[in-house]
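Protein chains in written order, with my numbering: chain S, 268 to 704; chain A, 268 to 704.
Glycine included, C-beta positions come from ideal geometry on N, C-alpha and C.
As the structure is a computational prediction, the values presented were derived from the model and not from experiment.
2 protein chains.
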Amino acid sequence: MNIILLSGGSGKRLWPLSNDIRSKQFIKIFQKKDGTYESMVQRIYRQIKETDETAKVTIATSRAQISAIHNQLGEGVHISPEPCRRDTFPAMALSAAHLTDIQGIDPEESVVVCPVDPFVEKEYFEALKALSVQAGKGEANLVLLGIAPAYPSEKYGYIIPEKEEKLSFVKTFREKPTAQKAKEYIEQGALWNGGVFGCKLKYLLEKAHELMDFTDYQDLYDKYDTMEKISFDYAVVEKEPKIQVMRYAGQWKDIGTWNTMTEAMEETVVGKGIMDETCKDVHIVNELDVPILAMGLQDVVISASPEGILVADKEQSSYMKPFVDQMDGQVKFAEKSWGSYRVIDVESDSMTIKVTLHAGNSMNYHSHRHRDEIWTVIEGEGRTIVDGMEQKVKAGDVITMSAGCRHTVIAETKLKLIEVQIGEEISVQDKEKHELE
Amino acid sequence: MNIILLSGGSGKRLWPLSNDIRSKQFIKIFQKKDGTYESMVQRIYRQIKETDETAKVTIATSRAQISAIHNQLGEGVHISPEPCRRDTFPAMALSAAHLTDIQGIDPEESVVVCPVDPFVEKEYFEALKALSVQAGKGEANLVLLGIAPAYPSEKYGYIIPEKEEKLSFVKTFREKPTAQKAKEYIEQGALWNGGVFGCKLKYLLEKAHELMDFTDYQDLYDKYDTMEKISFDYAVVEKEPKIQVMRYAGQWKDIGTWNTMTEAMEETVVGKGIMDETCKDVHIVNELDVPILAMGLQDVVISASPEGILVADKEQSSYMKPFVDQMDGQVKFAEKSWGSYRVIDVESDSMTIKVTLHAGNSMNYHSHRHRDEIWTVIEGEGRTIVDGMEQKVKAGDVITMSAGCRHTVIAETKLKLIEVQIGEEISVQDKEKHELE
């Protein structure tokens with residue numbers, strides 16, 4: 268099975284755990300059987316592999332997420348990075364070109380496209396396999412997964428099938444309706460459109476070439492920013508006469524907000540948290556190392572991270588985006604390919620961060636114009652290179668770097684350091700990369 | 268007017284703002300007219316001085332609070348420190364001896380004793396003045412302030428006066444009653460006992476010498492730990508036949524819990540916090556530098572500090588003590604006479620703290636057996652002394668101190684530094700003080 272997972276969006280509705288560079292897909296919040304935690308993307312990838320160990324998975328995502336994906340899934344996964352945001356149709360076209368031109372997959376094979384963020388169980392992946400098989404038969408150009416509605420939701424589009432059977436041709440589509448309309452559609456056998464479909468790879472490529480002017484993957488990648496922003500639904504689905512829908516009646520939760528996220532969580536407390544016995548339907552997700560005490564609350568989600576603290580009625584939390592948009596956009600925590608960093612103190616003319624490097628990794632060799640930096644190694648062993656001079660370092664060692672000085676650290680074991688930045692203009696933009704001489 | 272302010276208690280019911288060494292009295296939470304904030308102890312001290320600028324104020328407190336009191340009130344205030352906790356009777360006896368033996372106040376003068384934590388306005392202090400004057404007349408040995416009950420509370424003891432007049436002799440006392448009983452008492456003209464009274468200083472001293480064996484202030488201080496734990500109410504008030512009560516019908520709020528604390532706050536948000544329009548009767552008190560977003564909550568208090576995060580229904584928050592007792596007791600923030608410190612990162616073999624020194628102040632000259640320390644100055648100027656070697660330091664300078672090495676820093680301006688502690692046994696107990704050679 269070939270699967271394209273669409274992993275997009277800024278995830279602001281799961282603030283403070285998601286930020287501009289760490290999206291909701293990467294938050295380790297789902298407890299596994301062994302007690303450790305996995306993220307949305309790790310969970311879905313594991314589930315796909317458990318259902319079909321030969322599945323070829325390609326993640327269509329923004330460039331900013333590449334490091335996080337490799338950190339969480341290893342190097343085996345294919346990534347089709349979008350140079351910039353251009354809505355779902357260009358993203359799918361680019362991924363399809365990636366599958367054929369980069370991965371060498373036969374365009375006659377079928378492919379399943381689905382978002383990364385539903386919370387689902389094994390039966391869902393069995394349905395994706397069936398979808399892939401059905402798409403391969405060529406009875407229709409597109410085979411959609413139609414989700415049996417759990418309630419007359421106003422949040423989803425509806426698929427109206429010709430017949431109320433497991434497999435049917437699609438009669439028509441309906442945009443997000445009122446609850447009353449939704450009820451009527453459901454009485455006619457309508458299904459939710461979760462954005463999941465199967466088709467032959469060549470179908471995607473043909474549509475891409477019909478609507479966009481490019482030769483191959485690299486060409487499309489290079490001129491990606493000139494492409495029109497258009498959704499796959501609008502560009503393709505609504506115009507396609509030959510569409511089938513497969514009915515899926517298993518578990519399916521769209522984890523876009525805290526409300527649905529907490530429904531999918533096994534545990535009510537992740538991280539340090541205590542609730543009194545009068546709390547009811549409360550969830551605590553705490554990434555800080557200070558404890559949270561919750562008392563006398565009901566239907567509330569509490570989440571704390573280096574970015575901030577959310578305390579919200581679960582239903583109300585869906586409306587957080589405008590408030591999060593107001594907040595100071597400084598990223599206080601980030602996962603990188605080489606490790607992670609966390610801002611631990613901010614003053615007017617200084618900033619202190621904790622940097623963690625994975626064993627065998629290093630930062631870019633870089634310098635800053637407007638700040639001095641002091642590293643104090645607190646754990647592990649490695650080497651630093653400062654203006655070309657290399658030295659071994661271990662816990663307790665201090666390295667001082669004046670503005671302009673080129674520097675990097677190479678972790679031999681897992682290595683942690685406290686970096687104090689001192690200067691009147693501290694900014695993430697003040698960074699020049701250099702080749703190691 | 269002579270006033271003894273009783274400033275005791277661990278203040279765990281205002282966690283996370285109070286901790287073992289910072290009590291609720293010192294939290295700067297009350298907004299002044301100029302927009303800055305003052306603490307409970309600053310507010311009451313200012314109010315006393317505004318009512319009677321010649322008032323002599325003595326604060327009876329634990330030794331741990333001396334630094335915080337001088338930081339907040341300056342050096343002009345008298346402090347009668349208790350060497351250890353011994354309930355209110357020994358504490359008052361010690362303060363009374365402090366007034367006569369250390370401050371030289373005539374035992375014929377009257378003194379007013381009151382707790383530091385009611386939230387009150389000018390009229391209260393006028394009442395204290397009247398109490399002091401009445402005590403000076405000698406009509407009774409004790410003159411209590413009786414607070415006109417706002418509702419039939421089960422939290423207070425009641426004073427039953429002989430007559431329902433502004434001034435009356437006391438008929439009897441009643442312990443904390445049921446609401447029904449409280450209602451009956453109030454119908455008989457009963458008043459709350461807020462622990463506020465006036466008497467002649469010599470009365471306190473006589474009672475002290477009757478019940479405890481000591482010669483003078485220093486003698487009592489030295490043998491304080493041998494004194495029996497006994498309350499002033501039990502030792503004196505209940506046995507005294509000649510007690511008057513002055514009726515006080517003005518504002519009086521006892522700020523012992525978040526519920527009453529938030530009632531006394533001018534503003535609903537102190538620190539970084541945003542509420543959506545669906546929040547009702549919500550208070551945010553945030554000492555962290557990350558924002559708090561509250562949505563869809565009602566009657567909730569949210570408070571965050573380096574010690575932890577509280578999210579509680581206001582009523583329910585009164586029951587927090589057992590939960591706070593469970594928490595790891597490591598103090599993450601402290602005010603000292605020389606400045607303050609805050610823990611910003613904790614790892615298994617290292618701890619990083621931010622230290623702020625007031626201009627002109629220094630730490631003790633000290634050393635640690637089991638940890639190395641590295642200071643990076645991030646703001647200000649001063650001098651360090653390390654194993655007797657003195658050097659000037661400024662922002663950007665780094666000082667490394669191996670275990671065993673003696674060190675201090677003297678702030679010439681306000682000075683901030685990041686201290687990284689490295690060692691396998693990091694503990695506040697690992698500290699030896701030395702004389703500067």
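With distances taken Cα to Cα, identify the nearest neighbour of residue i among the options.
i                     : options                    : result
residue 432 (chain A) : A:462, A:339, A:529, A:457 : A:457
residue 618 (chain A) : A:685, A:513, A:481, A:659 : A:685
residue 464 (chain A) : A:515, A:370, A:346        : A:515
residue 474 (chain S) : S:665, S:524, S:535, S:501 : S:501
residue 346 (chain A) : A:637, A:327, A:360        : A:327
residue 356 (chain S) : S:505, S:435, S:693        : S:505
residue 279 (chain A) : A:585, A:308, A:364        : A:585
residue 616 (chain A) : A:663, A:689, A:467, A:550 : A:689
residue 323 (chain A) : A:333, A:535, A:342, A:307 : A:342
residue 535 (chain S) : S:306, S:417, S:462, S:296 : S:296
residue 412 (chain S) : S:307, S:519, S:491, S:625 : S:519
residue 281 (chain S) : S:273, S:271, S:293, S:272 : S:293
residue 702 (chain S) : S:599, S:666, S:654, S:681 : S:654
residue 444 (chain S) : S:462, S:351, S:418        : S:418
residue 631 (chain S) : S:420, S:375, S:640, S:700 : S:700
Quick one: Cα of residue i to Cα of residue j, how far?
i                     : j                     : result
residue 368 (chain A) : residue 687 (chain A) : 46 Å
residue 602 (chain S) : residue 335 (chain S) : 6 Å
residue 311 (chain S) : residue 606 (chain S) : 23 Å
residue 451 (chain A) : residue 415 (chain A) : 14 Å
residue 613 (chain S) : residue 592 (chain S) : 21 Å
residue 644 (chain A) : residue 623 (chain A) : 10 Å
residue 512 (chain A) : residue 439 (chain A) : 11 Å
residue 590 (chain S) : residue 572 (chain S) : 16 Å
residue 697 (chain S) : residue 636 (chain S) : 6 Å
residue 269 (chain A) : residue 446 (chain A) : 36 Å
residue 633 (chain S) : residue 649 (chain S) : 17 Å
residue 598 (chain A) : residue 384 (chain S) : 40 Å
residue 437 (chain S) : residue 462 (chain S) : 14 Å
residue 479 (chain S) : residue 325 (chain S) : 22 Å
residue 670 (chain A) : residue 665 (chain S) : 16 Å
residue 344 (chain A) : residue 658 (chain A) : 36 Å
residue 679 (chain S) : residue 660 (chain S) : 10 Å
So who's on the other strand from residue i, going by DSSP bridges?
i                     : result
residue 476 (chain A) : Residue 476 (chain A) pairs with nothing; no bridge assigned.
residue 547 (chain A) : A:565
residue 302 (chain S) : Answer by DSSP bridge pairing: none, since residue 302 (chain S) is not bridged.
residue 327 (chain A) : A:273, A:347
residue 255 (chain A) : A query on residue 255 (chain A) cannot be resolved here, the shown segment of chain A reaching from 268 to 704 and no further.
residue 615 (chain A) : Looking at the DSSP assignment, residue 615 (chain A) forms no beta bridge with any residue, so it has no partner.
residue 526 (chain S) : The partner list for residue 526 (chain S) (beta bridge, DSSP) is empty, contrary to what the question assumes.
residue 658 (chain S) : S:651
Since residue i contacts residue j with CB under 8 Å, what's their CB separation in whole angstroms?
i                     : j                     : result
residue 362 (chain S) : residue 402 (chain S) : Residue 362 (chain S) to residue 402 (chain S), Cβ: 16 Å. No contact.
residue 541 (chain A) : residue 560 (chain A) : 5 Å
residue 507 (chain A) : residue 408 (chain A) : 6 Å
residue 471 (chain S) : residue 359 (chain S) : 6 Å
residue 651 (chain S) : residue 610 (chain S) : Actually they do not touch by this definition, with Cβ atoms about 22 Å apart.
residue 577 (chain S) : residue 580 (chain A) : Between residue 580 (chain A) and residue 577 (chain S) the Cβ distance is about 18 Å, and since that is not below 8 Å, they are no contact.
residue 386 (chain S) : residue 531 (chain S) : 4 Å
residue 219 (chain S) : residue 271 (chain S) : Given a span of 268 to 704 for chain S in the structure shown, any question on residue 219 (chain S) remains unanswerable.
residue 604 (chain S) : residue 338 (chain S) : 7 Å
residue 426 (chain S) : residue 455 (chain S) : Not a contact, Cβ separation roughly 11 Å.
residue 309 (chain A) : residue 340 (chain A) : 7 Å
Inset, instruction - Closer than 7 Å, Cβ to Cβ, to anything on chain D: give me those residues from the stretch 615-626 of chain S, in chain order. - result: Looking at the structure shown, chain D is missing, and the protein chains on hand are S and A.
Inset, instruction - Check distances from the C-beta atoms of the stretch 651-680 of chain S to those of chain A and list, in chain order, the residues that come in under 8 Å. - result: Those would be 662, 663, 665, 667, in chain order.
Legend entry - Contact list for the stretch 583-611 of chain A against chain S, Cβ threshold 8 Å: Among the residues of the stretch 583-611 of chain A, those with a Cβ less than 8 Å away from any Cβ of chain S are 583, 584, 586, 587, 590, 591, 593, 594, 595, 599, 611, in the order of the chain.
Legend entry - Selection of the stretch 565-578 of chain S by Cβ proximity to chain A, strictly under 9 Å: Residues 565, 566, 567, 569, 571, 572, 573, 574, 575, 576, 577, 578.
Legend entry - Selection of the stretch 683-698 of chain S by Cβ proximity to chain A, strictly under 8 Å: Against chain A - using a Cβ distance shorter than 8 Å - the residues of the stretch 683-698 of chain S are 683, 685, 687, 689.
Inset, instruction - Would you list, in chain order, the members of the stretch 527-558 of chain S that have their beta-carbon closer than 7 Å to a beta-carbon of chain A? - result: For the stretch 527-558 of chain S, which is checked against every Cβ of chain A, the residues closer than 7 Å are 541, 543, 545, 556, 557, 558.
Inset, instruction - Give the residues from the stretch 324-343 of chain S that approach chain A closer than 9 Å (Cβ to any Cβ), ordered along the chain. - result: So nothing in the stretch comes that close.
Legend entry - Near-chain A residues of the stretch 638-651 of chain S - C-beta to any C-beta below 8 Å: Result list: 639, 641, 643, 645, 646.
Legend entry - Interface positions of the stretch 473-491 of chain S facing chain A (Cβ-Cβ less than 9 Å), listed along the chain: Answer set for the stretch 473-491 of chain S: empty.
Inset, instruction - Return the residues of the stretch 279-290 of chain S that lie within a Cβ-Cβ distance of less than 7 Å from chain A, sorted by chain order. - result: Close to chain A, meaning a Cβ-Cβ distance shorter than 7 Å, is no residue of the stretch 279-290 of chain S at all.
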